[in-house]
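With the working numbering applied, the sequence shown corresponds to residues 169 to 872, in that order.
For each residue, glycine too, the CB sits at the ideal point set by N, CA and C.
As the structure is a computational prediction, the values presented were derived from the model and not from experiment.
Reviewing the structure listed below.
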Amino acid sequence: MRFITAALLLCLPSIGVGQDTLWTPQHVAKLRIVTEAVISPDGTQVAYVLAVPRDLSKEKDGGSWTELHVVDTKGNSTPFITGQVNIGSISWVPGGKDIAFLTKGEKDTTRCLYVIGAKGGERRKVVSHTTDVQGYSWKADGTRIAFLATEPIAKTKKAQQDQGFNQEIYEEDAPFVRVWLQHMDGGAGPQMLDLKGSASELHFNPKENKLAVALAPSPGIDDHIMFRKVHIVDLVTGKATNLNNPGKLGQLAWSPDGKKLAMITGADKHDPKEGRLWVHGLPMTDGWKNITAYNEGHYESIAWWNADTLFVQRSHGTSTIMYTVSMVERGMGIFNEDFWPIVGSVSVSNNQKFACIGHSPMHPPEVYVPHKRLTNSNPWLKDMKFAKQEVIKYKAKDGLELDGILIRPLNEEKGKRYPLVLHVHGGPEAHYSNGWITRYADLGQVAAARGMASFYPNYRGSTGYGVEFSMKGQKEAAGKEFDDLIDGVDHLIKMGLVDEKKVGITGGSYGGYATAWGSTYYSHRFATGVMFVGLSNLVSCAGTTDIAQEMFLVHHRKWLWDDWDYHINASPVKHVEKHKTPLLILHGKNDPRVHPSQSLELYRHLKVRNQAPVRLVLYPGEGHGNRRAASRLDYNLRLLQWMEHYLKGPGGAMPPMEIDYGIKAPASAKTSASWNDRRNEPEASATVRADPWLGRGCPCCIGW
């Protein structure tokens with residue numbers, strides 16, 4: 169097959185002159201990030217969602233606010249719904265005259281579907297339900313909407329709850345997500361489809377009276393990750409046909425003629441990450457066709473360019489690439505392996521124009537179109553000092569080619585050796601790209617400003633290098649994949665950059681597991697560690713995680729009772745007698761993925777042995793990664809404090825447990841919002857939302 173490429177070059181924005189401000193955690197805490205971007209049908213405008221962190225000097229703690237903005241292709245951006253609001257799941261209504269979005273208004277009891285005119289004006293509620301609307305799809309002619317929502321709680325059960333009978337039947341009483349149809353003519357209320365399973369993705373066929381729906385056997389996260397199947401639902405007969413996708417399920421997209429359905433999926437049930445491109449409905453094929461079986465990298469975003477051509481974006485090592493794929497002319501090819509910046513979330517108009525979200529070492533995610541960055545959500549970045557960021561390639565002991573991202577110390581002096589912070593991503597089905605990597609859980613430019621280097625390795629098991637590479641860490645927990653980390657450190661030492669006696673390790677989830685391993689089994693190599701929502705005991709983790717099937721199918725490939733010794737020997741708690749590394753442990757108290765007991769176990773064993781300093785910090789109300797502004801700032805400050813104390817400071821006894829946050833408490837919490845029509849109408853948030861590009865964790869990355 170031959171790839172038909174388009175001229176998609178994007179330029180790197182220029183760096184501001186007179187940069188004189190050093191990075192601090194407070195700077196990271198105020199970064200605004202584009203999380204969604206959708207181009208209009210005529211290609212003239214892009215609607216986007218901007219995540220705005222809370223200002224703790226003026227507001228109560230919570231997750232970031234998410235605002236609706238619209239930018240034209242010349243870069244003129246207009247705020248539509250801003251302030252203390254939670255907007256999400258944006259789309260253009262068929263015809264392009266309105267923008268649709270989900271939110272919970274001031275008088276709403278649940279999250280509803282609204283529209284607002286493309287030129288502004290009043291918002292209008294088009295779908296409300298007794299439970300939150302979780303997703304939706306428009307029929308091409310605009311006459312119907314399919315949406316996702318759970319069934320309402322039965323009156324008898326609600327009455328019992330009001331009487332105090334609020335017991336939880338673990339995993340059994342979670343409500344199924346159903347598919348509902350709503351006519352837009354103002355007739356009967358929404359009708360629920362009789363489908364077996366809990367629904368997630370849904371897409372109206374643009375030409376036929378059919379829906380593509382993803383159904384899982386249950387509402388549980390394990391079933392959602394591992395066992396979702398694509399179904400085609402005939403809305404006339406009610407019949408649902410299972411298309412039986414082979415592995416984990418990513419994005420779905422109908423072709424404009426309604427004859428073909430593209431999806432991103434795993435190669436099989438053991439593939440750690442959805443990243444293959446498959447198409448259903450091609451002529452002369454029976455069922456799904458694997459379009460890109462032999463390509464390296466992982467597909468992340470797709471959109472139809474026309475009825476016979478797909479526009480795709482995939483990760484390729486530490487970079488990303490975009491190109492078109494013809495369904496007619498078969499063959500293989502590639503466009504621009506060094507695509508700049510790092511891009512994702514592609515969106516294509518009816519007239520073959522596109523928009524996407526892009527980020528670089530100089531800025532977080534922003535809206536892009538070909539040749540142009542449209543938004544500048546953090547103009548103050550031009551005054552910041554940035555250290556050099558580059559891709560470093562190295563070899564593992566067994567000869568495997570590896571790479572990672574290095575941020576050098578600011579004002580680096582030739583011949584001088586520096587402390588190093590080793591950042592280990594979660595998953596391991598994740599990877600670091602050469603884009604924006606300074607976040608609340610990754611020090612990056614903050615460490616560089618204080619004379620420390622940061623290295624972000626893509627060890628075996630990472631995505632972005634093909635299915636075979638991403639499976640190399642299976643059945644060998646804490647084996648060669650973690651040895652790759654040591655090989656990366658040794659490479660930087662041989663380069664003459666790093667002081668081998670001043671190396672710290674940190675990471676979240678699976679990266680937290682690596683940190684625990686580095687602080688016990690490899691304790692002689694690390695001067696300090698900061699572990700976040702990490703695993704410490706694979707035996708007890710097997711019985712407390714909510715993703716047991718994924719841990720079996722794509723991580724260990726064996727159950728606990730199949731090989732007790734494997735699980736015990738790969739557990740950091742088995743090696744606590746080697747512990748000499750001062751360790752800071754942090755965990756959300758409500759984490760369902762890696763239970764807080766994983767941190768409690770390791771802390772207690774290390775505390776009792778008293779061979780090196782150890783501290784445990786728990787975050788009430790937080791899950792697998794921090795979402796609230798205060799929790800994120802506290803984490804970033806403690807991470808920096810701990811690394812500086814043991815890599816640059818006096819070391820020895822632990823630093824003080826009190827933290828100076830550098831902010832004043834608000835006198836009162838204010839609520840405000842502004843609309844395109846300047847009505848200043850407030851809007852309450854439905855829930856505390858997760859911040860943009862946050863990894864789902866399984867265990868996985870801890871995001872922005």
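- Here S305 is bridged, per DSSP, to A314.
- Around the beta carbon of E718, 16 or more other beta carbons sit within 10 angstroms, so the residue counts as buried.
- Contact between the segment 616-623 and the segment 744-753 is absent: fewer than three C-beta pairs spanning the two stretches fall below 8 Å.
- Straight-line measurement puts the Cα of W191 at about 22 Å from the Cα of K582.
- The segment 228-275 contains, as complete beta strand (DSSP E) runs of 3+ residues, the segments 233-240, 245-251, 256-260 and 266-271 (chain order).
- Where R772 is concerned, the enclosing alpha helix (DSSP H) starts and stops at S765 to R777.
- Apart from the 5 residues on each side of it in sequence, D476 sits with its Cβ closer than 7 Å to the Cβ of S494, M495 and V496 in its chain, given in chain order.
- With fewer than 16 other beta carbons inside 10 angstroms of its own, V776 counts as exposed.
- Burial state of M639 is buried, judged by a 10 Å Cβ sphere holding 16 or more other Cβ atoms.
- Ranked by Cα distance from E235, the first of S765, S545 and A780 is S545.
- Approximately 6 Å separates the beta-carbon atoms of V401 and K378; this is inside 8 Å, confirming the contact.
- Here W422 is not near P385, since their CB atoms are 7 Å or more apart.
- Taking C-beta atoms as the reference points, T696 and G672 count as a pair closer than 7 Å.
- As the crow flies, the alpha-carbon of Q252 is around 16 Å from that of R795.
- Taken in chain order, the unbroken stretches of beta strand (DSSP E) that lie wholly in the segment 354-428 and span 3 residues or more are 366-372, 378-384, 397-402, 408-410 and 417-422.
- Sequence-distant partners of A738 (beyond 5 residues in either direction) whose C-beta falls short of 7 Å from its own C-beta, in its chain, are A645, A646 and L706.
- Membership of Y681 in any beta strand (DSSP E) is not indicated; the residue belongs instead to the alpha helix (DSSP H) covering Y678 to S687.
- Between N579 and the set G211, Q613, M822 and N244, the nearest pair of CA atoms involves Q613.
- One Cα belongs to G273, the other to H755, and the distance between them is close to 33 Å.
- Using a Cβ-Cβ distance cut-off of 8 Å, the segment 511-522 and the segment 664-682 are not in contact, since fewer than three pairs of beta carbons, one from each stretch, lie closer than that value.
- Here A716 carries a helix assignment [DSSP, helix/strand/coil].
- Within the segment 589-632, the runs of alpha helix (DSSP H) that reach at least 4 residues and sit entirely inside it are, in chain order, 613-617.
- Rounded to the nearest angstrom, the Cβ distance from V261 to L281 is 10 Å, too far for a contact under 8 Å.
- Taking the Cβ atoms as the reference, R693 lies roughly 7 Å from G686, within the contact range of under 8 Å.
- Judged by beta-carbon spacing, S704 lies within the 7 Å limit of P740, meaning their Cβ atoms are closer than that value.
- Under the 10 Å beta carbon count, T324 is surrounded by fewer than 16 other beta carbons and is classified as exposed.
- If you look at G656, you'll find it isn't in any beta strand (DSSP E); it sits in the alpha helix (DSSP H) that goes K648 to K662.
- If you check the CB distance, H599 and G679 do not come in under 7 Å.
- F395 has its alpha-carbon roughly 35 Å from the corresponding atom of V537.
- In the three-state DSSP reduction, F637 falls in the helix class (H, G or I).
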